[in-house]
Amino acid sequence: VYQANHPDTLIKNRNIQAVPIRQLEKLAADLWLMSPPCQPYSRQGHQRGLEDARSDSFRYLLDALTQMKNPPSVILVENVVGFESSQGREELVATLNTLQYRFQEFWLSPDQFGVPNSRLRYFLLAIRGDRFRAEPSATAADAAFGNSSTLMYHLPGALQFEPGLPTSEFGTFDDAYRVAVEQSQVSDYSYPQQVCIAEACAIGSKKKKNNAGCLTSHPPRMGILSSTHLARHLPGSGRLLLRWGRLLDIVRPEERRSLCFTKGYSHKVEGTGSVFQVCICVAIPMAFEQLDVPSPGAGWPAVEALELRYFTPQEMLRLHGFPTDFVIPSSVTDRQARKAIGNSLCVTIVAHLLDL
Numbered sequence: 004v005y006q007a008n009h010p011d012t013l014i015k016n017r018n019i020q021a022v023p024i025r026q027l028e029k030l031a032a033d034l035w036l037m038s039p040p041c042q043p044y045s046r047q048g049h050q051r052g053l054e055d056a057r058s059d060s061f062r063y064l065l066d067a068l069t070q071m072k073n074p075p076s077v078i079l080v081e082n083v084v085g086f087e088s089s090q091g092r093e094e095l096v097a098t099l100n101t102l103q104y105r106f107q108e109f110w111l112s113p114d115q116f117g118v119p120n121s122r123l124r125y126f127l128l129a130i131r132g133d134r135f136r137a138e139p140s141a142t143a144a145d146a147a148f149g150n151s152s153t154l155m156y157h158l159p160g161a162l163q164f165e166p167g168l169p170t171s172e173f174g175t176f177d178d179a180y181r182v183a184v185e186q187s188q189v190s191d192y193s194y195p196q197q198v199c200i201a202e203a204c205a206i207g208s209k210k211k212k213n214n215a216g217c218l219t220s221h222p223p224r225m226g227i228l229s230s231t232h233l234a235r236h237l238p239g240s241g242r243l244l245l246r247w248g249r250l251l252d253i254v255r256p257e258e259r260r261s262l263c264f265t266k267g268y269s270h271k272v273e274g275t276g277s278v279f280q281v282c283i284c285v286a287i288p289m290a291f292e293q294l295d296v297p298s299p300g301a302g303w304p305a306v307e308a309l310e311l312r313y314f315t316p317q318e319m320l321r322l323h324g325f326p327t328d329f330v331i332p333s334s335v336t337d338r339q340a341r342k343a344i345g346n347s348l349c350v351t352i353v354a355h356l357l358d359l
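Counting the sequence shown from 1 gives a position; my numbering is that position plus 3.
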């Protein structure tokens, strides 16, 4: 996947611990983006932290930083919530203090930036020496950066990141984020079937007088998925839905939320991400009430009428903020693509952090 999107880059597929420090120095990278394996710090794992062998590469890079004559000016670290209370974080902070970095830690989620997806993650942004983008005067970001152990739950000067918002009307960052979230809808990122999006727009047109954020502002898209392609994204058999359907988090085109996608999305049912309801003509509670009918299989037609499907890899990429020209090679299966995206991060948040 990386090579398909960076065809002119020489790729060396090797253990990073095998890269000598002199070679890191020779690269002279001004920016390091680090996303250490999250399993040692995940709440669903054993939380062994630095004792987990998967943390060895992270420790190697921290040690390399202390031995480099010219370490990078900027370091951005991403990990799961929980990393902030780990030994790994303590060693990271100790290294940054030794090398006289200024840093700030964050808990941030895409839905704070108007993206209809929840993916709360830990971020640390560290800057060494002068800021890499000179400003004529001090900014909110300058004031925030120190060596404080206080987590921030929004970006300093966050209002500047929403140029389309009338920021003078908002008194707090939270108010601005709330409006930004309300202006974004799942329908921006998915491909509903044409007939259903048309009905959704008709419903939206009735609401538009009272709600500026309805579906009428998002016209039906051309080149939507074919029925053959869509069949690859159906959530299993009718028997699976009858047994596990109530565990699914179902989102409709007009909703402004979706759950965090994990690497288990599409082959595990619970807690791996939302599924998309193509046909909004059927109410979810009414459909699942039919499952309680004693006759075997009697409720299946009602659930089937919802036309549930998984988000496609392309839709997942958009919800993660990847550029529209990002390529998934045809040799990569949908399951492999979803696993890779579930292990990825929100590009939108990274872009905002690096813009501080």
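Idealized CB from N, CA, C, for every residue including glycine.
- Our two residues, P43 and A7, have alpha carbons roughly 30 angstroms apart in a direct line.
- Within the same chain, R57 come within 6 angstroms of P40 by CB-CB distance, once the 5 residues on both sides are set aside.
- A Cβ-Cβ separation of about 27 angstroms leaves P304 out of contact with D337 under the 8 angstroms criterion.
- Taking 8 angstroms as the cut-off, the Cβ atoms of Y104 and R122 do not count as close.
- Between Q280 and V254 a beta carbon distance of about 7 angstroms is seen, short of the 8 angstroms cut, so the two are scored as contacting.
- Taking a cut-off of 8 angstroms on C-beta distances, the segment 110–124 does not touch the segment 67–79, as fewer than three cross pairs fall below it.
- CA-to-CA, the gap between G267 and A340 works out to about 11 angstroms.
- I19 is a Cβ neighbour of Y63, given a cutoff of 8 angstroms.
- Counting the other Cβ atoms within 10 Å of the Cβ of T98 gives 16 or more, which makes it buried.
- Distance check between V353 and each of Y125, T275, L244 places Y125 closest, using alpha-carbon atoms only.
- Looking only at F264, A31, R259, the smallest Cα-Cα distance to L251 is reached by F264.
- Per DSSP, reduced to three states, the secondary structure at Y268 is strand.
- Sorting L158, L244, R92 by C-alpha distance to the C-alpha of N82 places R92 at the top.
- Excluding residues up to 5 positions away in sequence, G248, R249, V306 lie with their Cβ nearer than 7 angstroms to the Cβ of F291 in the same chain.
- Residue pairing from DSSP places Q280 in a beta bridge opposite L311.
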